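Trainee: Heads up, the final residue of the sequence shown is numbered 364 in the numbering used here, and it's a clean run with no missing numbers.
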Amino acid sequence: MSGIQTAEEAMAGAGAGDAHIVDELAGLTPEQAEQLKAEWSRELARVEDEIATLRTVLQSKIRQSSELKRKLGITVWKEITEDVNQGLKNVKESQVYQKTESVIKSTAEKTTSILGGLTAGVTHKIGQMRNSDSFRSIEERVGFAYENVKGKVSSRSNSTQSFDEALRDASRSASGATSPTIPENKALP
């Protein structure tokens, strides 16, 4: 037994607590136990010194790295941006992203095709409606009422009759005509 404990042994023994220390010191004379404890203390002091030295060296290297980055114009923001851009590049190059992008493009093309067909259908139906007799009749009545009001307003521009009164007069004269009816069971052409 060398008396020096490895990190694995220390970790394994940490759960056992004082029982592990007692096992290591078991069978030793009090002088030997004190010598072992003194050896452990020296080893602990040496390791803590190494840790302190490494921390000092690490802090010095970090300062040196920061200074060099500053001189090169590399900022924290620039580093983060580069990391994000590299991450996005990696994602875009992945198979999953490329498959997803392909599905999205295909769906967009299909949706555009469907909407284009729908728009063409609606445009065609509106064109058919505009050519129907019922639509022409309504269009003629609106045009007639507009011309009638316009004529009354312009002919009475010197009178006290308002535009609203002229509109009411025109609607009374237009209401005398009957409007064509479309049977409910018949579709528009």
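Ideal Cβ positions, reconstructed from N, Cα and C, are used throughout, including at glycine.
Here the structure is a predicted model, which is why all the values come from computation and not from measurement.
1. Alpha carbon to alpha carbon, how far is Met304 from Ala295?
2. With DSSP collapsed to three states, give me the class of Asn306.
3. Just the Cα atoms here: how many angstroms apart are Ala201 and Ile255?
4. Measuring only the C-alpha atoms, how far is Ser281 from Ser288?
5. Sorted by chain position, which residues of the same chain lie with C-beta nearer than 6 Å to Val222's C-beta, five sequence neighbours on each side aside?
6. Please report the residue range of the alpha helix (DSSP H) in which Ile226 lies.
7. Distance check for Lys244 and Ala182, CA to CA, integer angstroms please.
8. In angstroms with no decimal places, state the Cα-to-Cα distance between Ile237 and Leu229.
Mentor: Looking at the coordinates:
1. Against the sequence shown, residue 304 aligns to sequence position 129. Against the sequence shown, residue 295 aligns to sequence position 120. Whole-angstrom Cα-Cα distance: 14 Å.
2. Within the sequence shown, the letter at position 131 stands for residue 306. Asn306 falls in the coil class under three-state DSSP.
3. If you number the sequence shown from 1, residue 201 lands on position 26. If you number the sequence shown from 1, residue 255 lands on position 80. So the two alpha carbons sit approximately 56 Å from each other.
4. Locating residue 281 in the sequence shown gives position 106, counting from the first residue. Locating residue 288 in the sequence shown gives position 113, counting from the first residue. Taking the CA atoms as reference points, Ser281 sits about 11 Å from Ser288.
5. Taking the first residue of the sequence shown as position 1, residue 222 is located at position 47. No residues qualify anywhere along the chain.
6. Residue numbering aside, residue 226 sits at position 51 when the sequence shown is read from its first letter. Ile226 -> alpha helix (DSSP H) spans 205–247.
7. As a working mapping, residue 182 is identified with position 7 in the sequence shown. As a working mapping, residue 244 is identified with position 69 in the sequence shown. With a pLDDT of 47 at Ala182, under the threshold of 50, the modelled position of this residue cannot be trusted; read the value that follows with caution. Using only the alpha carbons, I get a separation of about 37 Å.
8. Here the question's residue 237 lines up with position 62 in the sequence shown. Here the question's residue 229 lines up with position 54 in the sequence shown. Whole-angstrom Cα-Cα distance: 12 Å.
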